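Trainee: Numbering-wise, the working numbering puts 1220 at position 218 of the sequence shown, and it's gapless, one number per residue.
Provided herewith is a single structure, encoded as structure tokens, for subsequent inquiry.
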Amino acid sequence: MIRKLATAAAAVAAAVVLAVPSSASAAIDEYAGVGSDTTQDVMRALSEEYSLDNPDYLWTSIDAGSTSQTIQNLGTCPGVTYSAGSPAPNGSSAGITALLNDTNNCIDYARSSRPLRPAEATTLTAVRLGGDSVSWAALPQANGGYAPNPMNLSLENLRKIYKCEITNWSQVPNGKVGGGTIVRYYPQTGSGTRDFFTTSVLGFDPTNLATGSCTTQPVIVQENRGNQVAAGDRATAILPYSKAAWTAQANSGITGVPDSRAQFVLGTVDGIAAGAGGFVGNRDVYNVYKTATAPLVLKNFLNWAATQTAIKATYGFTA
């Protein structure tokens, strides 16, 4: 059903460019994508799968913020080497900006976990990859946390937490007796998950202190990384988390994606689980290309990727 996916899990995790023909020098061209952290792993797996039947090209999914990957010197692209001093675009907005600014045909598509903005849509086309959800995550009481048991927040209380109108877990229903001061975490600038959670779930920007009662901004970390929450904060922290990213990490033995959850669990909102009908954080994710110049071979790949329901499901995405 999914060729090589389970048996090559370790290789999937370690590979810099997964879809490599038997000789890179024999490749006609390379098609590279940058951007979203949320979709980087599924696009890496899809690139590998597609290359099995389309070996004349290199198919590359560059990790968000990569400091070691490269785009080959092929076609009109002179080659790109990402480094600590010049990392790869980190997040959907950063990927889209890099695609728009690319003049050497090195970046062919951007991974995006948010829709195109009106100005972007004048020159770019978005191909829906699949469905995802963004919810809040915290450490359950069973794992030593202070979050409600069961793990549910009303949308009103979730918003109050990020406005600092609720500052202790004891202030929400079923929070741990005795409570603990809530530490707010938030994804990095340029993240599509951050953009979506801000606009579609919270309805305000919690990094803007004028929007609530907070006197300090949330702690900023790489999106979908529970293990980036400081050890001393984990019992009382809250952070947005993609359901797809959480699932891909939970399936680490199959996907090869490092398990970065650090025992954080997705919470429900108003009693509705992420991905269920009516959940406030349901969203679509996309691959984006330049409308006027994208070659047919790239469009064919992106359209094919959208149909691969089995691979997408392993990484937490719906059809």
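Here a beta-carbon is modelled for each residue, glycine too, at the ideal position from N, C-alpha and C.
Owing to the predicted nature of the structure, the values given are computational and were not obtained by experimental measurement.
In whole angstroms, what separates the C-alpha of A1026 from that of Y1033?
Mentor: As a working note, residue 1026 is residue 24 in the sequence shown. As a working note, residue 1033 is residue 31 in the sequence shown. Annotation note: pLDDT 46 at A1026 (below 50); position unreliable, coordinate value reported separately. When rounded, the distance between both Cα atoms is 13 Å.
Trainee: In chain order, which beta strand (DSSP E) runs of at least 3 residues are fully inside the segment 1179-1263?
Mentor: 1185-1189, 1221-1223 and 1239-1244, all fully within the segment 1179-1263.
Trainee: Could you give the residue range of the beta strand (DSSP E) that holds L1126?
Mentor: Locating residue 1126 in the sequence shown gives position 124, where the first residue counts as 1. It spans L1126 to A1140 - the beta strand (DSSP E) in which L1126 sits, taken as one unbroken run.
Trainee: According to DSSP, which residues form a beta bridge with K1165?
Mentor: Translated into positions along the sequence shown, residue 1165 becomes position 163. BP columns for K1165 are empty, so no partner.
Trainee: Compare the Cα-Cα distances from I1162 to each of L1204, A1140, T1191 and G1194 and report the closest residue.
Mentor: For the purposes of this step, residue 1162 is taken as residue 160 along the sequence shown, with counting starting at 1. A small fix is needed here, since residue 1162 is Lys in this sequence, not Ile. Ranking the options by Cα distance to K1162, first place goes to L1204.
Trainee: Measure from the alpha carbon of G1280 to the alpha carbon of each residue in G1214, Q1042 and S1137, then state which is nearest.
Mentor: Indexing the sequence shown from 1 puts residue 1280 at position 278. For G1280, the nearest C-alpha among the options comes from S1137.
Trainee: Looking at the strands, I want to know which residues DSSP matches up with E1158.
Mentor: Position 156 of the sequence shown, counted from the start, is the residue given in the question as residue 1158. The partner list for E1158 (beta bridge, DSSP) is empty, contrary to what the question assumes.
Trainee: Quick check on R1236: buried or exposed, where buried means 16 or more other Cβ atoms within 10 Å of its Cβ?
Mentor: Locating residue 1236 in the sequence shown gives position 234, counting from the first residue. Burial call: buried.
Trainee: Have a look at A1276 and A1140 and give me their C-alpha separation to the nearest angstrom.
Mentor: In the sequence shown, residue 1276 corresponds to position 274, counting from 1. In the sequence shown, residue 1140 corresponds to position 138, counting from 1. Rounded to whole angstroms, A1276 to A1140 spans 14 Å at the Cα level.
Trainee: How is the alpha helix (DSSP H) around W1306 delimited, first residue to last?
Mentor: The residue labelled residue 1306 in the question sits at position 304 within the sequence shown. Here the alpha helix (DSSP H) through W1306 covers L1298 to A1308.
Trainee: Beta-carbon separation of L1126 and V1290 under 8 Å?
Mentor: In the sequence shown, residue 1126 corresponds to position 124, counting from 1. In the sequence shown, residue 1290 corresponds to position 288, counting from 1. Taking 8 Å as the Cβ cut-off, L1126 and V1290 qualify as a contacting pair.
Trainee: Below 8 Å, can you find three or more Cβ-Cβ pairs linking the segment 1164-1172 to the segment 1184-1192?
Mentor: Flag = yes, the segment 1164-1172 and the segment 1184-1192 touch.
Trainee: State buried or exposed for T1257, treating a residue as buried only when at least 16 other CB atoms are found within 10 Å of its CB.
Mentor: Indexing the sequence shown from 1 puts residue 1257 at position 255. T1257 comes out buried.
Trainee: Does the structure place the segment 1296-1309 close enough to the segment 1207-1226 that three or more beta carbon pairs sit under 8 Å?
Mentor: Touching, no.
Trainee: For the candidate residues A1239, Q1251 and R1116, whose alpha-carbon lies nearest to that of S1202?
Mentor: By one-based count along the sequence shown, residue 1202 stands at place 200. Closest option to S1202, Cα to Cα, is R1116.
Trainee: Is the number of C-beta pairs between the segment 1079-1086 and the segment 1246-1266 that are closer than 8 Å three or more?
Mentor: Touching, no.
Trainee: Going straight from the alpha carbon of N1103 to that of I1240, what length do you get?
Mentor: Counting from one through the sequence shown, the residue named residue 1103 turns up at place 101. Counting from one through the sequence shown, the residue named residue 1240 turns up at place 238. The alpha-carbon atoms of N1103 and I1240 are separated by roughly 35 Å.
Trainee: Check each candidate in D1043, N1145, D1058 and G1146 and name the one with the smallest Cα separation from S1254.
Mentor: What you label residue 1254 is simply residue 252 of the sequence shown in a count that begins at 1. The shortest Cα separation from S1254 among D1043, N1145, D1058 and G1146 belongs to D1043.
Trainee: Short check: CB of A1247 to CB of R1130, under 8 Å?
Mentor: On the sequence shown, position 245 is the one that residue 1247 refers to. On the sequence shown, position 128 is the one that residue 1130 refers to. No. Outside cutoff.
Trainee: Assuming G1192 contacts A1112 under a Cβ cut-off of 8 Å, what Cβ separation, rounded to an integer in Å, is found between them?
Mentor: Within the sequence shown, numbered from 1, the residue matching residue 1192 stands at position 190. Within the sequence shown, numbered from 1, the residue matching residue 1112 stands at position 110. That pair is no contact at about 11 Å.
Trainee: Rounded to the nearest angstrom, what separates Y1148 and G1269 at their Cα positions?
Mentor: Residue numbering aside, residue 1148 sits at position 146 when the sequence shown is read from its first letter. Residue numbering aside, residue 1269 sits at position 267 when the sequence shown is read from its first letter. C-alpha separation (whole angstroms): 13 Å.
Trainee: Select from G1067, D1065 and L1060 the residue whose C-alpha is nearest the C-alpha of Q1074.
Mentor: Working through the sequence shown from its first residue, we reach residue 1074 at position 72. Of the listed residues, the one whose Cα sits closest to Q1074 is L1060.
Trainee: If we call anything under 8 Å between Cβ atoms a contact, is A993 one with A1090?
Mentor: No statement about residue 993 is possible, as the shown extent of the chain runs from 1003 to 1321 and does not include it.
Trainee: Have a look at S1094, A1047 and V1267 and flag the residue whose alpha-carbon is nearest the alpha-carbon of G1146.
Mentor: Numbered from 1 along the sequence shown, position 144 holds the residue referred to as residue 1146. Nearest option by C-alpha distance: V1267.
Trainee: Reducing DSSP to helix, strand and coil, say where D1039 ends up.
Mentor: Walking along the sequence shown from the start, residue 1039 turns up at place 37. Coil.
Trainee: Secondary structure at T1083, three-state DSSP: helix, strand or coil?
Mentor: Stepping through the sequence shown from its first residue, residue 1083 is reached at position 81. Residue state, collapsed to three classes: strand.
Trainee: Who pairs with V1267 in a beta bridge, going by DSSP?
Mentor: Your numbering for residue 1267 matches position 265 in the sequence shown. Per DSSP, A1140.
Trainee: What is the rounded straight-line gap between the Cα of P1120 and the Cα of S1094?
Mentor: Here residue 1120 refers to the residue found at position 118 of the sequence shown. Here residue 1094 refers to the residue found at position 92 of the sequence shown. Taking the straight line joining both Cα atoms gives about 15 Å.
Trainee: According to the neighbour-count rule (16 or more other Cβ atoms, all chains shown, within 10 Å of its Cβ), is T1009 buried or exposed?
Mentor: Reading the sequence shown from its first residue, position 7 is the one you call residue 1009. Caution is warranted here: a pLDDT of 39 is assigned to T1009, below 50, making its placement in the model unreliable, and the coordinate value is therefore given only provisionally. Its Cβ having fewer than 16 others within 10 Å, T1009 is exposed.
Trainee: Among L1076, T1040 and S1053, which residue has its Cα nearest to the Cα of D1031?
Mentor: What you label residue 1031 is simply residue 29 of the sequence shown in a count that begins at 1. If we check each option's Cα against that of D1031, L1076 comes out closest.
Trainee: For T1213, I'd like the list of residues in its chain whose CB is within less than 7 Å of its CB, leaving aside the five on either flank, ordered along the chain.
Mentor: For the purposes of this step, residue 1213 is taken as residue 211 along the sequence shown, with counting starting at 1. If we look at T1213 and ignore the five residues flanking it on each side, its Cβ neighbours are K1165, F1206 and D1207.
Trainee: Kindly indicate which three-state DSSP category A1034 falls into: helix, strand or coil?
Mentor: Translated into the one-based positions of the sequence shown, residue 1034 becomes position 32. In the structure shown, A1034 sits in a strand (DSSP, three-state: E or B).
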